[in-house]
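To start, the structure under review is shown below, and the notes come after it.
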Amino acid sequence: MESDDDYSTSTQGTEVPNTPVERASEDREDRRVSARSAVNSTGGRVQKVQAYLPKNLQALSQMKNHVTNQLKGSAIDENLSLRVIRRVLFIQETHLQQCAKKKRDNKGNIIRHQKPAIAKQVCAEFGIGNSQYSKIVTSYFTQDSQQRVVYSTAGRGLKPGNATAKERRIPLTVENRLLMQRFIRQKRANRERVTARQVVDFLVEKGRLYIERDDNGAFEKKGIETACRAVRRFLDALGFVGGMRSGNLVQTKSVLLQKENYLREFIANREAPAEDRLREVYLGESYVHEHYHRNDDSLWDPNDDQDIQYSKAPAKGKRYCFAAAIQGPDPRVVQHDGLAKERKAGLVPNSLWAFCPQGRGANTGDYHKVFDGENFVNWWKTQLLPNLHQPSLIMMDNASYHKFKSAAPKLGKMKKQDIKEWLQGKGVPLQDNMTALDLRESARKYIKESIPMDCVKAAEEMGHKVLFTPPYHSDLQPIELVWALVKGNVGRQYNKNTTMKVVYERLIAEFHKLEQDGHQLIEKMVDQCASLAKTMYEEILEADDDEDYVSTDEEDEEEGIPNNVEVVEEVQDSG
Numbered sequence: 162m163e164s165d166d167d168y169s170t171s172t173q174g175t176e177v178p179n180t181p182v183e184r185a186s187e188d189r190e191d192r193r194v195s196a197r198s199a200v201n202s203t204g205g206r207v208q209k210v211q212a213y214l215p216k217n218l219q220a221l222s223q224m225k226n227h228v229t230n231q232l233k234g235s236a237i238d239e240n241l242s243l244r245v246i247r248r249v250l251f252i253q254e255t256h257l258q259q260c261a262k263k264k265r266d267n268k269g270n271i272i273r274h275q276k277p278a279i280a281k282q283v284c285a286e287f288g289i290g291n292s293q294y295s296k297i298v299t300s301y302f303t304q305d306s307q308q309r310v311v312y313s314t315a316g317r318g319l320k321p322g323n324a325t326a327k328e329r330r331i332p333l334t335v336e337n338r339l340l341m342q343r344f345i346r347q348k349r350a351n352r353e354r355v356t357a358r359q360v361v362d363f364l365v366e367k368g369r370l371y372i373e374r375d376d377n378g379a380f381e382k383k384g385i386e387t388a389c390r391a392v393r394r395f396l397d398a399l400g401f402v403g404g405m406r407s408g409n410l411v412q413t414k415s416v417l418l419q420k421e422n423y424l425r426e427f428i429a430n431r432e433a434p435a436e437d438r439l440r441e442v443y444l445g446e447s448y449v450h451e452h453y454h455r456n457d458d459s460l461w462d463p464n465d466d467q468d469i470q471y472s473k474a475p476a477k478g479k480r481y482c483f484a485a486a487i488q489g490p491d492p493r494v495v496q497h498d499g500l501a502k503e504r505k506a507g508l509v510p511n512s513l514w515a516f517c518p519q520g521r522g523a524n525t526g527d528y529h530k531v532f533d534g535e536n537f538v539n540w541w542k543t544q545l546l547p548n549l550h551q552p553s554l555i556m557m558d559n560a561s562y563h564k565f566k567s568a569a570p571k572l573g574k575m576k577k578q579d580i581k582e583w584l585q586g587k588g589v590p591l592q593d594n595m596t597a598l599d600l601r602e603s604a605r606k607y608i609k610e611s612i613p614m615d616c617v618k619a620a621e622e623m624g625h626k627v628l629f630t631p632p633y634h635s636d637l638q639p640i641e642l643v644w645a646l647v648k649g650n651v652g653r654q655y656n657k658n659t660t661m662k663v664v665y666e667r668l669i670a671e672f673h674k675l676e677q678d679g680h681q682l683i684e685k686m687v688d689q690c691a692s693l694a695k696t697m698y699e700e701i702l703e704a705d706d707d708e709d710y711v712s713t714d715e716e717d718e719e720e721g722i723p724n725n726v727e728v729v730e731e732v733q734d735s736g
């Protein structure tokens, strides 16, 4: 008869696994037992838990700091070391594959790929220091394969780093971030060089940093060196980078004003009662070339000598230009599954306008040149407005043909006397000594203030409102996400037999698919851009509350204030 001791879970008399292989086998068995227990505890079904990644930088930064603090002082076990080694091998493998392609430049020379910064990349991904990384790789990557050791500090009382978080010399507060942003923004606006050393002086001046001074009043050498290191760590933590900035957005007063006005009207419409809210409509234009493709991620075998390698892609060829509009869900109805298609978010029905430009040079350069005010207004009146069945807020960019005014004369082709007679016919007061430049300037002012845009006039007559997105802010336009989706799907179908006719058929098919089944996808795109707009508006309000505006000399001159007059700002004592 068997005793109870035969089924005891005691470890006495059993051999404890010592090798990595035995421990890995034990871990796999424990996970299988845990999985079976989870199934039994839920009645034979595993409960699925959905993960939600952070959707803004603030939440992501908090999670990142939490994970970093949890990793401080943690021992490095064999599992972590093996993952580090595996990642190193993957990066090296990718580098060797790129070198094996032996791509050549225009002169026929082999392009030599730069060696990847493996240590920096792996340390950032796994949250380990350079010393730990060095110990892991030197223990495993040895000349003698028999002496490879997987580095581990588990069970030996060794812990990397210091788990105690120390107080920063310069706290990472919102106040300090805004202070640094204003300081660097002002320096860059004046085209001045700004480094960590200038930041040290600025923080000392503002009382945010203290450095010991010698008898002559100068900073002590050791004090200034430690302060510079602290400032560099502070700037790195804030995300500031050094060097030239490419693609920099010039935040002129005009752009900032247009941005604030757009966000103010957009948010006001979103926060209005449902019965007063306008339905959001977004429109735009784009194009696709005959040989546009998305095969950069295609698989290939570097060891296959018979694989056909095309030395150069074919020319782009002709292109199809197209325009379309999307709309958000109708804000005046309650959303549910049985909602009619015209009430859901999606492509505005019959709004697609696709054509192949035939003029000389129409298939090269900026595609906007194939659109003009007359054909755009014709599409606006015949394909867009008739298919908008609710009062809508129509948003588009600042292309010149969007602001076409058919009632405005072409001043560039008019003589001085013609401009003068036209202004007199409009009742504009003129002086006898006005030059041709003065007359043209008066005409432009009258056209801007008194003649409405054709699209705005037609939309308002039907109960709609037009809103122009600010320049350089295409990320506020969900139609750009639609273009990326449609053009990407068309490009992935490319092959050597693709013709313009095939491109057109694929383009139409993608828009038809989007119109039939893209309601939820387009609604997500609209909500994504709306969330970004809300974040921008909150940042503007926060900066407006925290920042005291100080005008520059140029702004004073524009307001009519002489430079020799001192402008004193009265500050009320809060105490």
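For the sequence shown, position 7 matches number 168 in my numbering, and the numbering has no gaps at all.
Here a beta-carbon is modelled for each residue, glycine too, at the ideal position from N, C-alpha and C.
All figures in this text were calculated on a predicted structure; none of them were measured in a lab.
Minimum C-alpha distance to residue i - residue among the options
i	options	result
T630	H454, E582, I555	I555
R440	D678, E451, F427	F427
K479	K530, E239, Y448, V589	Y448
Q282	Q253, S567, N270	Q253
E610	I487, A568, S235, R431	A568
R330	N351, V365, T413, R352	V365
M341	R369, N351, E328	R369
A476	C284, E386, H450	H450
Q219	A704, T696, K530	T696
K657	R455, E286, K530	R455
G534	H550, H563, F302	H563
E436	L642, Q551, N230	Q551
A506	G679, A236, K276, K606	G679
P490	V531, L637, L549	L549
P277	Y453, G288, I289, Q259	Q259
A645	N539, E446, K581	E446
Y528	A560, R504, N511, K577	A560
L241	L214, A379, V311, Q419	V311
K571	F537, I608, M557, D558	I608
S538	G573, P510, Y423, V617	Checking the sequence shown, residue 538 turns out to be Val, not Ser. Comparing Cα-Cα distances from V538 to each of G573, P510, Y423, V617, the minimum goes to V617.
Cα-Cα separation between residue i and residue j, rounded to whole angstroms
i	j	result
C517	R265	35 Å
E699	W514	37 Å
M789	D579	Because the chain is modelled from 162 through 736, residue 789 falls outside the range shown and cannot be assessed.
E494	V687	Reading the sequence as shown, one finds Val at residue 494 and not Glu. Straight-line Cα distance between these residues: approximately 17 Å.
E421	Y481	35 Å
Q211	T660	44 Å
K587	D593	17 Å
K566	T543	17 Å
Q119	L508	Shown here, the chain extends from 162 to 736; a query on residue 119 therefore has no answer.
L546	R425	25 Å
T299	E239	14 Å
A350	G404	15 Å
A670	D615	32 Å
V442	S553	6 Å
L221	H227	10 Å
R354	L417	24 Å
K662	Y453	14 Å
F532	C284	51 Å
K382	Y301	43 Å
L339	Y633	23 Å
F251	L257	10 Å
R309	I297	10 Å
S235	Y371	34 Å
Identity of the residues DSSP links to residue i by a beta bridge
i	result
A486	L444
I555	V442, V627
H452	BP columns for H452 are empty, so no partner.
L508	I487
A515	F483
R374	F380
I271	R265
beta-carbon residue i near the ligand NAP non-hydrogen atom, thresh 8 Å
i	result
A261	What this structure holds is no ligand at all, so the ligand NAP is not there to describe.
Nearest-angstrom beta carbon gap, residue j and residue i [assumed within contact, 8 Å]
i	j	result
L110	A398	As shown, the chain starts at 162 and ends at 736. That puts residue 110 outside it, with no answer to give.
L591	L584	6 Å
I385	I487	About 57 Å; that fails the 8 Å criterion.
V627	I683	Not quite, the Cβ-Cβ distance comes to about 20 Å (not below 8 Å), so this is no contact.
A484	W540	6 Å
C389	A357	6 Å
### At least 3 beta-carbon pairs within less than 8 Å: the stretch 284–293 vs the stretch 243–256
yes
### Message
I want to know whether the stretch 601–611 touches the stretch 642–658 - three or more CB-CB distances under 8 Å.
### Response
no
### Query
So, do the stretch 379–397 and the stretch 655–670 have three or more beta carbon pairs nearer to each other than 8 Å?
Output reads no: the stretch 655–670 does not touch the stretch 379–397.
### Query
Are at least three pairs of beta-carbons, each pair with one atom in the stretch 671–681 and one in the stretch 615–634, less than 8 Å apart?
no
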